[in-house]
Amino acid sequence: MPADAPAAGRVLSGGLVYHGPMPPFRAGFWIVAPVIGMLAGLLYGLIFDVELLVSGIRGAFIGAPVLLYERGLLFQTWRDLIRRAATPIFVAATLATYIAMIAAGNAGAGTVLHHAFGYMPNPRVAMLMSDAGLAYALGISALSAFVFRVRDLIGPRVFANLLIGRYHRPISEERIFLFLDVAGSTRFAEQHGDLAAQRYLGAIFSALALPVHRSRGSIDDYVGDMALVSWTMERGTRDAACLRCVFDFAQVIADDAKRWVAEFGQVPDFRAALHCGSVVTAEIGLERHKIAYFGDTLNTTSRLESVAKELGISILISGDLLDRLGTLPGGIVVEDLGSRAVRGRHEPLRIAAVHNGSGLSPTKQASAMHSAESG
């Protein structure tokens, strides 16, 4: 990530805070959000026979904060905190947040309508909201909270693809896959118990969410202590986003090394294997829909992760993907490991280890630095 990117505290699971760069600022959404809110307000005006100028301005002032909040551009720390809560708590806290924003937005709209357009006799009347208006705003907000919760539960990109039916019929496409396995999780569970291990893995996977989001990838599944992440070829190869994601995640962990040690007694480490190729992507299931991938590319990526474990390598990448990435981010060193036979493939696969200039992953560097400071 750029060195001059703005920094902000991001609360992760277990109270850990990431002070890394925020997601790219998208100025366009600050314009889109009021427009969407205004359209919702105009719809209300048509339904309840309210003057369109009044309903449009109220809609813009009420809808914009809600949309910016859900986009992560307002109250990010609070939003991240309640998203990790149980669904009833999430819904209640989200509705309470919406109500506060509705009240503030309505007051702002009333002030503008009174002072700029003279629609209201006085500021107090301008800030009042009709019962129908409040019910409409709360209904839209409750529906939004439900939709966003479902999106969080199944993943934003999976949710969008299910809605548009992109994979209702199986299609063949090229994708990039990352198998990220938490190293030493079995030993951690033996030492601290299954409940502590679940908290540990939950905190790690929560920390993974932001780097994946920044790289425009998708966390498609969790299998035990392993996360499966994927990208379309176009998104994953742009500026080597799939590889940046791995180092970004490692930096998230390293930046909070002291907090990880205080909370769990150690800094997490991981192994990552990246590969690309053709897969068949399809929507499967009836009562529980899921987007699944089929093909040797996925199997090969899984076996590369086993090779990384066997060789003691933190980040392993296939030659097929390396050839597609082009220029790599500065500071990343690629060590060619030649070709290796991989079970299930007729031809040997070129592989390479990827690390920074020190030869250590940022998490291992953080562990070493913490040990030196403690000693």
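Counting in the numbering used here, the sequence shown runs from 2 upward without gaps.
The C-beta atom is built at its ideal place from N, Cα and C for all residues, glycine as well.
Treat the numbers as computed from the prediction; the structure is a model and nothing was measured.
What alpha helix (DSSP H) runs, 4 residues minimum, are completely inside the segment 147–234? Within the segment 147–234, the complete alpha helix (DSSP H) runs of at least 4 residues are 157–165, 186–193, 195–215.
Across the segment 60–71 and the segment 38–45, are there enough close Cβ pairs to call them in contact, namely three or more that are closer than 8 Å? Contact holds: three or more Cβ-Cβ distances are below 8 Å.
Could you tell me the distance, in whole angstroms, from the CA atom of residue 22 to the CA atom of residue 243? Unreliable positioning characterises residue 22 in this predicted model, as indicated by a pLDDT of 39, which lies under 50. A coordinate reading is not provided.
For residue 316, which beta-bridge partners are listed by DSSP? Paired residue(s): 273.
For residue 85, is the beta carbon positioned less than 6 Å from some heavy atom of the ligand GTP? In terms of ligand content, the structure shown is empty, and the ligand GTP therefore cannot be addressed.
For residue 297, tell me which candidate among 327, 87, 178 has the shortest Cα-Cα distance. The shortest C-alpha separation from residue 297 is found at 178.
From the DSSP output, in three-state form, read off residue 344 for me. Three-state DSSP puts residue 344 in coil, outside helix and strand.
Roughly how many angstroms separate the alpha carbons of residue 89 and residue 142, rounded to a whole number? C-alpha separation (whole angstroms): 15 Å.
With DSSP as the reference, label residue 353 as helix, strand or coil. Of the three classes helix, strand and coil, the one that applies to residue 353 here is strand, per DSSP.
Measuring CA to CA, which of 107, 114, 164, 125 is closest to residue 138? Considering only 107, 114, 164, 125, the residue with the shortest C-alpha distance to residue 138 is 107.
Taking 7 Å as the cut-off, decide whether the C-beta atoms of residue 347 and residue 305 are in contact. Between residue 347 and residue 305, the CB-CB gap reaches or exceeds 7 Å.
Residue 342, buried or exposed, once every other Cβ within 10 Å from all chains shown has been counted against 16: Here residue 342 is exposed, its C-beta having fewer than 16 other C-beta atoms within 10 Å.
Measure the beta-carbon distance from residue 271 to residue 184 and round it to whole angstroms, keeping in mind my assumption that it falls under 8 Å. The Cβ separation is near 6 Å, so the contact holds.
The segment 215–222 contacting the segment 246–260, beta-carbon criterion three pairs below 8 Å: When C-beta atoms of the segment 215–222 are compared with those of the segment 246–260, three or more pairs fall below 8 Å, so the two segments count as touching.
So residue 96 packs on residue 136, CB below 8 Å; how close in whole Å? That belief does not hold up - the Cβ atoms of residue 96 and residue 136 are roughly 13 Å apart, past 8 Å.
Cα separation between residue 140 and residue 105? Residue 140 and residue 105 have their C-alpha atoms roughly 17 Å apart.
Have a look at residue 29 and residue 326 and give me their C-alpha separation to the nearest angstrom. In a straight line, the C-alpha of residue 29 is about 29 Å away from that of residue 326.
Stretch-stretch touch, CB-based, cutoff 8 Å, three pairs: the segment 254–272 with the segment 202–217: Counting Cβ pairs under 8 Å, three or more are found: they touch.
If we ignore side chains and look at the alpha-carbon of each, how far apart do residue 75 and residue 100 end up? If I take the Cα positions, the gap works out to 15 Å.
Taking the Cβ atom as the reference point for each residue, do residue 110 and residue 58 lie within a distance shorter than 7 Å? Residue 110 places its beta carbon less than 7 Å from that of residue 58.
CA-CA distance, residue 113 and residue 121? Approximately 10 Å, taken between the alpha carbons.
Under DSSP, the alpha helix (DSSP H) around residue 70 begins and ends at which residues? 53–71 is the extent of the alpha helix (DSSP H) around residue 70.
Start and end residues, alpha helix (DSSP H) containing residue 258: Unbroken alpha helix (DSSP H) run through residue 258: 258–265.
Starting from residue 295 and walking both ways along the beta strand (DSSP E), at which residues does that stretch end? It spans 291–295 - the beta strand (DSSP E) in which residue 295 sits, taken as one unbroken run.
Taking the straight line between their C-alpha atoms, what separation do you get for residue 273 and residue 233? Linking residue 273 to residue 233 through their CA atoms gives a straight-line distance of about 18 Å.
Leaving out the 5 sequence neighbours to the left and right, which residues in its chain are closer than 8 Å to residue 172 when beta-carbon positions are compared? Same-chain partners within the cutoff: 281, 282, 283.
Cβ-based burial, residue 180 [other Cβ within 10 Å; buried from 16]: With a 10 Å radius around the Cβ and a threshold of 16 neighbouring Cβ atoms, residue 180 comes out buried.
Does residue 356 pass the burial test, meaning 16 or more other C-beta atoms within 10 Å, or should it be called exposed? With 16 or more other CB atoms across the displayed protein chains lying within 10 angstroms of its CB, residue 356 is buried.
Give me the Cβ distance between residue 222 and residue 186, rounded to the nearest whole Å; I'm assuming they're in contact under 8 Å. In this structure residue 222 does not touch residue 186 by the C-beta definition: roughly 16 Å separates them, more than the 8 Å allowed.
On the DSSP bridge assignment, give the partners of residue 280 in chain order. Answer is 174.
Residue from 351, 299, 31, 126 whose Cα sits closest to the Cα of residue 228: For the residues 351, 299, 31, 126, the minimum Cα distance to residue 228 belongs to 299.
Spatial distance of residue 92 from residue 349 (CA atoms): Residue 92 and residue 349 have their C-alpha atoms roughly 51 Å apart.
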